[in-house]
Amino acid sequence: MVKTLGTGARAGTVQQAAEAEIVFVSTNWNRTEAALRGINWEGRILIDATNPVLFFARLHTG
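Residue numbers -13 to 48, in this note's numbering, belong to the letters of the sequence shown in order.
So, in structure tokens, the structure goes:
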């Protein structure tokens, strides 16, 4: 994915992303809360592109 996006993108851990000034989040709806939990977001910009599309969650859980 990073190679496709080009030189301005980079991969990292959740903690590394959380230390950035601007963070873009796009997760499966049912995993968003866990992905954001425990991170101090004060003073940061969080762009959340997650959509609560519930029928996809049902497809993935059976």
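Glycine residues also receive a C-beta, built at the ideal position from the N, C-alpha and C atoms.
Residue range of the alpha helix (DSSP H) that includes residue i
i     : result
Glu19 : 18 to 22
Unbroken beta strand (DSSP E) run spanning residue i, endpoints
i     : result
Ile33 : 31 to 34
Neighbourhood of residue i by C-beta, 6 Å cutoff - its chain only, sequence neighbours within 5 removed
i       : result
Ala(-3) : Val(-12)
Thr13   : Ala21, Thr36
Ala(-5) : Val(-12)
Thr18   : Thr36
Close Cβ partners of residue i (< 8 Å) along its chain, the five nearest in sequence each way excluded
i      : result
Val112 : Shown here, the chain extends from -13 to 48; a query on residue 112 therefore has no answer.
Ala4   : Ile25, Asn26, Trp27, Arg30
Proximal residues to residue i (C-beta, below 7 Å), its chain only, five neighbours per side dropped
i       : result
Thr(-7) : none
Quiz item: If we count Cβ pairs, one from each stretch, closer than 8 Å, do we get three or more for the segment 25 to 39 versus the segment -5 to 13?
Solution: yes
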